[in-house]
Amino acid sequence: MQFEKGAKLYSYEVKREGGEDILYFNYQDSSSSPNLAAYPEVMDRTVDALIENPNVSRIIFVKEKNYNYDFRETGYLLEIASLYVYFLKQEEILSHEKLVSINESFFPKRYNDLFSFLYLLKKDPIASYFELKRILIDAKIFFQRVIGDTKIDQGNYIRFLEKIFGIIEKTKIIQAAIPYFENYRRGNREIYSKLFQPDIIPNFTFTRLVSDLPTDSEMIDQYEVSIDEFDISNVTILKRKNESKLFYHLSPPESLLTEEENYLMNLAKGVLIEHQPKAEEFTDVIRTRKVFFNVSKDLLRDLAQSKGIKLTYLSLMKLSAILVRHTIGFGLIEILLQDKNLQDVSLNAPISQTPVYVRHQDYDECNTNILPSREDSDSWAAKFRMISGRPLDEANPILDTQLEIGKIRARIAIIQEPLSPDGLAYSIRRHRESPWTLPLFIKNKMLNPLGAGLLSFLVDGSRTLLIAGTRSSGKTSLLGSLMLEINSKSRIITVEDSLELPVEALRKLNYNILRMKVRSALLKSGAEVSADDGIRTSLRLGDSSLIVGEVRSVEAKALYEAMRVGALANVVAGTIHGASPYGVFDRVVNDLGVPATSFKATDIIAVANPIKSADGLHSWRRLLEISEVKKHWKEDPVREKGFSDLMSYSVEKDELEASDALINGESDVIKDLASKVRGWAGNWDAVYDNILLRAKVKNEIVNLAELTGKKEILEAEFNAISNHQFHKISDEVIEEAGL
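Numbered per this note's numbering, the sequence shown spans residues 155 to 893.
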């Protein structure tokens, strides 16, 4: 928030944001820092404001930076404000009746003592506590020296003091300060620095960032997230005492700016914020960001020159990148998405009161030090509406879309009122910058070389596949890796409601690929084509492999039409939620209404699911089984043995194991595939040798990458070259030696 020009110094304003009342204090022209710990007058002024506004849950002092005091810290002062009013208005501790009962001569001293206590209470509660303690001790000493009516009067006064002292002693701020009393000296406010540690937020952003590392924490890991040479953030992974979930601490360049840089950023954002972006500007996000970056660079350079501030080239580039991020961009969320180790980012409602949560590939679920504001969430929602062209309002409280910024690709799910009664909430799934490949999955132990060889063989054989699994099991990533196993000569058509498949990456590798975007299953109407119509349309677009991002609803019937049409021509594959082959059958037939006989058009079901450690703290993604769907059953594939495992996961070995059916050539799907290939028909050894050969090739790629340290060997570009050479060499061998 920015106070209007000419606003009175130390004026304040209460705003309700994200379900909480926030007290904003104007310190923009103040010569002193708005530090509650350092300055008694700041605390005194704040308590006065809280007396007038007892429902405040957060305090923000607005200066060149915003100094944010959270609910706990605000609660300390709210209790003091409440006590101050209680002592004055209800207890009336300065009244004649409360201070004396018999001897009138004691009134002036007692009044002065308690006035001194009250005077200190607002600006230095700890000093007031010790002042009251001194007054009580002096009163007890005096009690021992007097007799008669004076002793009775002094006893009444002591009981009155003890009541007040008992109340002040139980306050949260005193209880929190007790561990530090040993080194306390009156007038020294160092003790308050232990209790009041504001989040210091640059004025050009609304996001709160807890810059200090948590106390009682142990460092587990530390690394850099580099966007450019001038835009580098530090990540620290910490383990906090008595918490099983780790802590992800982000230190972006925004938090390390100098006062001059912050001043320039405030001026520049004030200029850029006047621009009202149009919807068409968000249809080409990359171009718009480049334009804004260049405008920001010129603007910052001009402002620096006019204000006599020297900026180096790297500083100018850094500030320009930050300015773009916090105007037309998505703030610190962009930095999180640049971290290759993160898989998911969650922002729960109410956003302003809940930290961002992330899922780390090495450390699983983590808390973070990032607390977005209501302004952030509203701004992001408006941008996603424009990017997607889809509605997000009370009538349509769900939005599925995607975000692409440079190499960043992420799937975005947003909900709002009335579905989310506490306001906007976001779930962000980060995609890998380059596609997953089977060698990468082997390296990460999701599957072993034989499993990779079998899947490669089945894709080459134009089978119909469903990749099943629970949420966050790696279904779409595995499907993307199988797309790279499709011969680059073949045309590929993808059908998705949210663009998650690595189409752009395959296009750059010269794959013949067409992407179709259909209406989300959560939307009942709209300008977009429905998923089932999209799949049926793909059948009219010529001879192609069909890849369906996810089978969610009525498009299942259209997919099975495609499977029946395309089963013997090109691969048809998709993902679906299901924890087992029968779970897939149950969902497709009973939930989605596909006839049981049509389900037999599925050749292969591969099931991926996370497995957990015994302590429940760790999980790993694994491919648990590769099953074929037999064709000679009528109603229940389990009772009639319609499923046959080709490979299944061994817990002891932590890898897939080939079944007897695969080893002994009892797979109907593979035998049917082989029957149409010269040299393989009736020759199971030749078929199995080809699967083993593919497995050895994939394994050798992984071994070579580890031996040479060249991780790029595992990536999509080399994978495409490797597959091409495999087919080329196989063709040459057949020409020269035959089968």
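Every residue, glycine too, gets a C-beta built ideally from N, C-alpha and C.
As the structure is a prediction and not an experimental result, all values here were calculated from the model.
Residue i and residue j closer than 8 Å at C-beta
{"i": "Glu-171", "j": "Ser-506", "result": "yes"}
{"i": "Val-725", "j": "Leu-713", "result": "no"}
{"i": "Lys-276", "j": "Met-197", "result": "yes"}
{"i": "Ile-241", "j": "Leu-272", "result": "It is worth fixing the name first, because residue 241 is Phe in this sequence and not Ile. Closer than 8 Å, so yes."}
{"i": "Leu-553", "j": "Ser-542", "result": "yes"}
{"i": "Ile-647", "j": "Val-657", "result": "no"}
{"i": "Ile-730", "j": "Leu-620", "result": "yes"}
{"i": "Ala-458", "j": "Leu-486", "result": "no"}
{"i": "Ser-652", "j": "Arg-565", "result": "yes"}
{"i": "Pro-356", "j": "Glu-413", "result": "no"}
{"i": "Lys-324", "j": "Ile-312", "result": "no"}
{"i": "Ala-815", "j": "Asp-826", "result": "no"}
{"i": "Ile-446", "j": "Val-478", "result": "Rather than Ile, the amino acid found at residue 446 in this sequence is Phe. The answer is yes: Cβ separation under 8 Å."}
{"i": "Thr-691", "j": "Met-717", "result": "no"}
{"i": "Leu-604", "j": "Leu-810", "result": "yes"}
{"i": "Ile-559", "j": "Glu-488", "result": "yes"}
{"i": "Glu-709", "j": "Asp-686", "result": "yes"}
{"i": "Arg-586", "j": "Leu-496", "result": "no"}
{"i": "Asp-518", "j": "His-772", "result": "yes"}
Helix, strand or coil at residue i according to DSSP, with G and I counted as helix
{"i": "Ala-564", "result": "strand"}
{"i": "His-772", "result": "coil"}
{"i": "Thr-555", "result": "strand"}
{"i": "Ser-398", "result": "coil"}
{"i": "Ile-386", "result": "strand"}
{"i": "Ala-870", "result": "helix"}
{"i": "Leu-722", "result": "Bear in mind that a pLDDT of 45 at Leu-722, under 50, signals an unreliable position, so the number given afterwards is only what the model happens to contain. Note: Leu-722 maps to coil in three-state DSSP."}
{"i": "Tyr-273", "result": "helix"}
{"i": "Ala-727", "result": "strand"}
{"i": "Arg-443", "result": "helix"}
{"i": "Phe-261", "result": "helix"}
{"i": "Lys-393", "result": "strand"}
{"i": "Asn-190", "result": "Correcting the residue identity first, residue 190 is Leu in this sequence and not Asn. In this structure, Leu-190 counts as coil in the three-state DSSP scheme."}
{"i": "Asn-207", "result": "coil"}
{"i": "Ala-293", "result": "helix"}
{"i": "Tyr-164", "result": "coil"}
Closest residue to residue i among the options (Cα-Cα distance)
{"i": "Ser-533", "options": "Ile-759, Val-379, Ile-427, Asn-342", "result": "Ile-427"}
{"i": "Gly-229", "options": "Pro-208, Leu-746, Asn-357, Ala-564", "result": "Pro-208"}
{"i": "Leu-633", "options": "Leu-470, Leu-655, Ala-293", "result": "Leu-655"}
{"i": "Arg-212", "options": "Asp-745, Val-425, Tyr-223", "result": "Tyr-223"}
{"i": "Tyr-238", "options": "Asp-202, Trp-838, Arg-479", "result": "Asp-202"}
{"i": "Phe-260", "options": "Lys-287, Asn-310, Tyr-283, Ser-282", "result": "Asn-310"}
{"i": "Arg-776", "options": "Ala-331, Lys-807, Val-613", "result": "Lys-807"}
{"i": "Gly-836", "options": "Lys-850, Leu-846, Ser-821", "result": "Ser-821"}
{"i": "His-881", "options": "Pro-504, Asn-266, Lys-643", "result": "Lys-643"}
{"i": "Glu-548", "options": "Ile-569, Lys-830, Ser-187, Phe-753", "result": "Ile-569"}
{"i": "Lys-597", "options": "Leu-861, Glu-245, Thr-304", "result": "Leu-861"}
{"i": "Thr-466", "options": "Ser-574, Ile-176, Phe-384, Gly-615", "result": "Phe-384"}
{"i": "Arg-455", "options": "Ala-727, Ile-440, Ser-474, Leu-501", "result": "Ser-474"}
{"i": "Asn-266", "options": "Leu-286, Val-851, Glu-195", "result": "Leu-286"}
{"i": "Gly-894", "options": "Glu-174, Val-168, Glu-158, Lys-169", "result": "For the chain, the structure presents residues 155 to 893; residue 894 sits outside this window and is missing."}
Beta-carbon contacts of residue i that lie in its chain and below 8 Å, excluding the five residues immediately before and after
{"i": "Arg-199", "result": "Tyr-164, Phe-179"}
{"i": "Pro-735", "result": "Ala-622, Ile-759, Val-761, Glu-779, Ser-781, Val-783, Pro-791, Phe-797"}
{"i": "Glu-378", "result": "Ile-386, Ser-387, Asn-388, Val-389"}
{"i": "Asn-416", "result": "Glu-218, Lys-219, Pro-356, Asn-357, Phe-358"}
{"i": "Asp-303", "result": "Ile-256, Asn-257"}
{"i": "Val-254", "result": "Phe-260, Phe-261, Arg-264, Asp-307, Tyr-311"}
Cβ-based neighbour list, residue i, same chain, cut-off 7 Å, excluding 5 preceding and 5 following
{"i": "Leu-392", "result": "Leu-367, Pro-368, Ser-371, Glu-372, Met-373, Ile-374, Leu-400, Phe-401, His-403"}
{"i": "Ala-870", "result": "Ser-588, Pro-589, Thr-591, Leu-638, Ala-659, Leu-663"}
{"i": "Ala-536", "result": "none"}
{"i": "Ser-186", "result": "Tyr-193"}
Contacting residues, own chain, Cβ-Cβ under 6 Å from residue i (five flanking each side not counted)
{"i": "Ile-898", "result": "Because residue 898 is not part of the residues shown, which for the chain are 155 to 893, the question remains open."}
{"i": "Arg-645", "result": "Asn-666, Ser-698"}
{"i": "Leu-722", "result": "Interpretation of Leu-722 is limited by its pLDDT of 45, a score under 50 that renders its predicted location unreliable; no figure is taken from the coordinates."}
{"i": "Ile-306", "result": "none"}
{"i": "Leu-421", "result": "Leu-457"}
{"i": "Arg-362", "result": "Asn-222, Asp-353, Ile-355, Leu-525"}
{"i": "Ser-469", "result": "none"}
{"i": "Ser-610", "result": "Glu-639, Arg-848"}
Near the ligand GTP: residue i beta-carbon under 7 Å from a heavy atom
{"i": "Asn-266", "result": "Ligands in the displayed structure: none, and consequently the ligand GTP is not present."}
Legend entry - Ranges of the beta strand (DSSP E) found wholly within the stretch 313-380, counting only runs of at least 3: 353-356
Inset, instruction - Can you check the stretch 595-652 for any alpha helix (DSSP H) of at least 4 residues that lies completely inside it and give the ranges in chain order? - result: 603-614, 629-637
Legend entry - Segments of 3+ residues assigned as beta strand (DSSP E) that fall wholly inside the stretch 744-829: 758-766, 773-783, 797-804, 809-812
Inset, instruction - Taking only runs that begin and end inside the stretch 489-554, name each unbroken beta strand (DSSP E) of 3 or more residues, in chain order. - result: 496-501, 511-514, 518-522
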